[in-house]
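To start, the structure itself, in structure tokens.
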Amino acid sequence: MFSKALRLMTPLLMLTGCASYNIEDFRALSVNERAKKVCYGSSANYQRGKQIQELAPLIEYQRNLLVTGYRVHRSCEEGDWGTKINCRDLPVAIDSTYERSVLDGLQSKLNRIKNADALLTQSCLSKANRLSAERALELYKQDREP
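Numbering (the working numbering), first residue to last: 2 to 147.
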């Protein structure tokens, strides 16, 4: 849960954090706190979190589509200057087998990304725990993982 909250705060940390940390600050942190700063503050970690967050609404959409059994197609006439007029929403039956395979694919992709994220984050933390305060600060400022 902590990593999810930190991941959501990463953009703010990246904007304000780098300029305010110095070597004394990093020396004052515990080894684990330094490792978390380096690993959870990296753009690579942020990108993995972003991929996970982007899949959630797609999965929810597919689930709702399977529940309703149809999607809505909007049909409009073109008015002056390309405006849409006289629009009608038309329900269109879905192929539930196909839509189920899309949902399964999205969930599989989400699981792969989550597993890779967990492995990469654990590897980063393990490596970062062995870094000196100086090296940890250097990587932090360069937005790199060990």
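Beta carbons are placed, not taken as given, at the ideal position from N, Cα and C, and that holds for glycine.
Residue environment, residue i, which counts as buried when at least 16 other CB atoms sit within 10 Å
i, result
"Arg131", "exposed"
"Lys38", "buried"
"Glu146", "buried"
"Met2", "Note on Met2: pLDDT 46, under 50, position unreliable in the model; the coordinate value appears next. Exposed is the call here."
"Cys88", "exposed"
"Arg49", "buried"
"Leu140", "buried"
"Tyr71", "exposed"
"Leu16", "Here Leu16 scores only 44 on pLDDT, less than 50, and its place in the model should not be relied on; the value that follows carries that caveat. Per the 10 Å Cβ criterion, exposed."
"Asp81", "exposed"
Assumed close pair residue i, residue j - CB separation to whole angstroms, cut-off 8 Å
i, j, result
"Val73", "Asp90", "5 Å"
"Leu107", "Gln63", "6 Å"
"Leu120", "Ile60", "Leu120 to Ile60, Cβ: 22 Å. No contact."
"Phe27", "Ala137", "6 Å"
"Glu114", "Gln54", "As written in the sequence, residue 114 is Ile, which differs from the Glu given in the question. No, Ile114 and Gln54 are not in contact; Cβ-Cβ is about 10 Å, not under 8 Å."
"Leu126", "Cys40", "5 Å"
Same chain, Cβ closer than 6 Å to residue i, neighbours up to 5 away in sequence not counted
i, result
"Thr98", "none"
CB contact below 8 Å: residue i versus chain B
i, result
"Gln54", "Among the chains of the structure shown, chain B does not appear; only one protein chain is present."
Same chain, Cβ closer than 8 Å to residue i, five either side skipped, listed in chain order
i, result
"Glu79", "Lys85 and Ile86"
3 or more residues per run - each beta strand (DSSP E) lying fully within the segment 44-84: 71-79
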